[in-house]
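Asker: Dropping a structure here in structure tokens format, bear with me for questions.
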Amino acid sequence: MNTNQEIYLDYQATTPVDQRVLDAMEPWLRDQFGNAASRSHAFGWEAGKAVEEARTILANGIGGQPREITFTSGATESNNLALLGCARACKERGMHLISARTEHKSVLEPLEALQAEGFEVTWLDVDREGHLKATQLEAALRPDTTLVSLMHGNNEVGTLHPIHELGTICQQHGAFFHCDATQTFGKEPINVAENGIDLLSASAHKMHGPKGVGILWIKSRPQVPFAPLMYGGGHERGIRPGTLNVPGIVGMGEAFQVTHESQSAEQNSIRNLRDALWEKLESIEGCTLNGSSSSRLAGNLNVSFKHVDGEALLASLEGIAASTGSACTSAELAPSHVLLAMGAESATARGSIRFSLGRGNTAAEIEWVAKRTQEEVKRLRELSPLHKMAQETQ
Ligand SMILES: *Cc1c(COP(=O)(O)O)cnc(C)c1O
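Residues 51 to 444 (our numbering) are what the sequence shown spells out, left to right.
Here's what the structure looks like:
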């Protein structure tokens, strides 16, 4: 099958590289191959300058300082670095950490590794829409709480956390606040100072940049304590050594700029398309919305259809690229940990399908996807003994 004919509705798994990003990166993959750490010739100076320009764009975009940005291989690394690096450096002060069960695996698993090292983690509950209240965080904070990790926008169900309120409470209690902002970086307004954020993770490939590059922003005034995970070379102020990925970093700077400059207009048009899709799917009997009805990522639509298996539906929607749960859980065939944490029954969690919309989607595509989904839900239900039984007992 020609994959170019597929309708892509999986923007929360990854996004295509924008042409403007590709153009900005190209020279750095060709003639301008210098090592940004080389201080004795123009090849190095030019590369170093390009890296600093990207660093400045990214820092300015969130109200931080350029030297507070550390380049990484992506948000998985940034999250690991933030949690392991900060929690261990604060060990003398306390060993209590707070997070939520709906976080990305790259937050959950380092926290579980810290638990195995003797740290204690309080897992905050979320409601049926994936929301948590600032008062819950307040109640969980203790004098020995050093670090709180809560995401901005959930990658599976799209629910947005009130980071400003959460950050303010952390500040009042003297706990550091790490925010995984991978799904909102460039797309939703974020200001690290105003939002009380101490560490922030983001990734280029979720906003039309290249894969394999991300940032960890770490507050410097006052300096957040930090213990590196890798040693050698002293790059990135020793926080994350290794020769810098110059083309990737240039690409991330450009991707942020492109996304950020049309932020509200683009997100509004994506939200309108998403709402149009929901309006059509909502009319299918037994269709439920997973996640927030009030505060969610513009492009996210996560739905379940009663008596329809999500995997089966996805497989029958040929030519439409969407996913069940997140890209990571879809490889595992396990019910989504996010939906289970939200109190969904395992059948609903297994039945869910995530359409995530983004740059380039059209109203015609959405129309087609809605029509095909209606047809396939109907067809699969006709094949379902469970559905038949439910119909007969009505
Ligand atoms: C995609 C994603 C990650 C992982 O980012 P990578 O750059 O792919 O490692 C982490 N957190 C969230 C919320 C994500 O959506």
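No residue lacks a Cβ here, since even glycine has one placed at the ideal position from N, Cα and C.
So what does S373 bridge to, in DSSP terms?
Answerer: Answer is R404.
Asker: Hey, out of A391, E395 and A166, whose CA is closest to H357's CA?
Answerer: Residue E395 is the option with its Cα nearest to H357.
Asker: Using a Cβ-Cβ cutoff of less than 8 angstroms, which residues in the same chain neighbour A87 once the five nearest sequence positions on both sides are dropped?
Answerer: Hits under 8 angstroms: G94, G98, G283, H285, T293 and L294.
Asker: Given A449, which residues of its chain have a CB within under 7 angstroms of its CB, disregarding the five upstream and five downstream residues?
Answerer: Limits of the chain in this structure are 51 at one end and 444 at the other, which puts residue 449 out of reach.
Asker: Between the segment 233-245 and the segment 191-206, do three or more beta carbon pairs fall short of 8 angstroms?
Answerer: These segments touch.
Asker: Output the distance between the C-alpha atoms of F306 and L158, rounded to the nearest integer angstrom.
Answerer: Roughly 27 angstroms between the two C-alpha positions.
Asker: DSSP on C140, reduced to helix/strand/coil?
Answerer: Correct three-state label for C140: coil.
Asker: Within this structure, are the beta carbons of I107 and G303 separated by less than 8 angstroms?
Answerer: Cβ distance < 8 angstroms, so I107 and G303 count as in contact.
Asker: Less than 7 angstroms between C-beta atoms, sequence neighbours within five positions excluded: which residues of the same chain meet that for Q424?
Answerer: Same-chain partners within the cutoff: I334.
Asker: Quick check on L323: buried or exposed, where buried means 16 or more other Cβ atoms within 10 Å of its Cβ?
Answerer: Label assigned to L323: buried.
Asker: Is it buried or exposed, N318, if we count other Cβ atoms within 10 angstroms and call 16 or more buried?
Answerer: N318 is exposed by the Cβ-count criterion.
Asker: Look at the alpha carbon of M75 and the alpha carbon of H437, and state the distance between them as a whole number of angstroms.
Answerer: Between M75 and H437, the C-alpha separation is close to 52 angstroms.
Asker: What is the DSSP secondary structure of H258, reduced to helix, strand or coil?
Answerer: It is coil, neither helix nor strand.
Asker: How would you label T53, buried or exposed, when you count the other beta carbons within 10 angstroms and need 16 or more for buried?
Answerer: Bear in mind that the predicted position of T53 carries a pLDDT of just 47, short of 50, making it unreliable; the figure below should be weighed with that in mind. Its Cβ having fewer than 16 others within 10 Å, T53 is exposed.
Asker: Looking at the structure shown, is G264 part of a helix, part of a strand, or coil, going by DSSP?
Answerer: Here G264 sits in strand by DSSP.
Asker: Quick one: what's got a C-beta closer than 7 angstroms to P77's C-beta in the same chain, skipping five residues either side?
Answerer: Once the five neighbours on either side are set aside, P77 has no close Cβ partner at all.
Asker: At a cut-off of 7 angstroms, would you count T232 as near ligand 1, judging by its Cβ distance to the nearest heavy atom?
Answerer: Yes; taking the cut-off as 7 angstroms, the Cβ of T232 has a heavy atom of ligand 1 nearer than that.
Asker: With a CB to CB cut of under 6 angstroms and the five nearest residues on each side skipped, what residues in its chain are close to V427?
Answerer: The residues are I334, F355 and V358.
Asker: Taking the CB atoms as reference points, tell me whether E56 and I370 lie closer together than 8 angstroms.
Answerer: Yes, they are a contact pair.
Asker: I want to check one thing, is the minimum distance from the CB of S253 to the heavy atoms of ligand 1 below 7 angstroms?
Answerer: Yes, Cβ of S253 sits closer than 7 angstroms to a heavy atom of ligand 1.
Asker: At what residues does the beta strand (DSSP E) containing N352 begin and finish?
Answerer: First-last of the beta strand (DSSP E) with N352: N350 to F355.
Asker: Judging by CA-CA distance, which residue of H223, P260, L210 and A243 is the nearest neighbour of V71?
Answerer: The shortest C-alpha separation from V71 is found at P260.
Asker: In or out: T209 buried (at least 16 other Cβ within 10 Å) or exposed?
Answerer: Looking at its Cβ environment, which holds 16 or more other Cβ atoms inside 10 Å, T209 is buried.
Asker: Are I148 and V198 touching if we call contact CB-CB under 8 angstroms?
Answerer: Cβ atoms of I148 and V198: closer than 8 angstroms.
Asker: Going by the C-beta, is A150 closer than 7 angstroms to any heavy atom of ligand 1?
Answerer: No, the Cβ of A150 stays beyond 7 angstroms of every heavy atom of ligand 1.
Asker: Any heavy atom of ligand 1 closer than 7 angstroms to the CB of A440?
Answerer: No, the Cβ of A440 stays beyond 7 angstroms of every heavy atom of ligand 1.
Asker: Roughly how many angstroms separate the alpha carbons of L131 and S342, rounded to a whole number?
Answerer: Their backbone Cα atoms lie some 29 angstroms apart in a straight line.
Asker: Do you know offhand how far T172's Cα is from G393's?
Answerer: When rounded, the distance between both Cα atoms is 18 angstroms.
Asker: Between G410 and G349, is the Cβ-Cβ spacing less than 8 angstroms?
Answerer: For G410 and G349, no; Cβs fall outside 8 angstroms.
Asker: To the nearest angstrom, how far is the alpha carbon of R143 from that of F169?
Answerer: About 12 angstroms.
Asker: Helix, strand or coil for E332, going by three-state DSSP, please let me know.
Answerer: It is helical.
Asker: Within the chosen definition, does the segment 176-188 reach the segment 235-250 through at least 3 CB pairs nearer than 8 angstroms?
Answerer: Not touching, per the Cβ criterion.
Asker: Whole angstroms is fine: what's the gap from A384's alpha carbon to A362's?
Answerer: Going by the C-alpha atoms only, they are around 14 angstroms apart.
Asker: Could you check the C-alpha separation between M51 and E179 for me, to the nearest Å?
Answerer: In this predicted model, M51 has a pLDDT of only 41, less than 50, meaning its place in the structure is not dependable enough to derive any value.
Asker: Return the CA-CA distance between A85 and L389, expressed in angstroms with no decimal places.
Answerer: The sequence shown places Asn at residue 85, not Ala. Whole-angstrom Cα-Cα distance: 45 angstroms.
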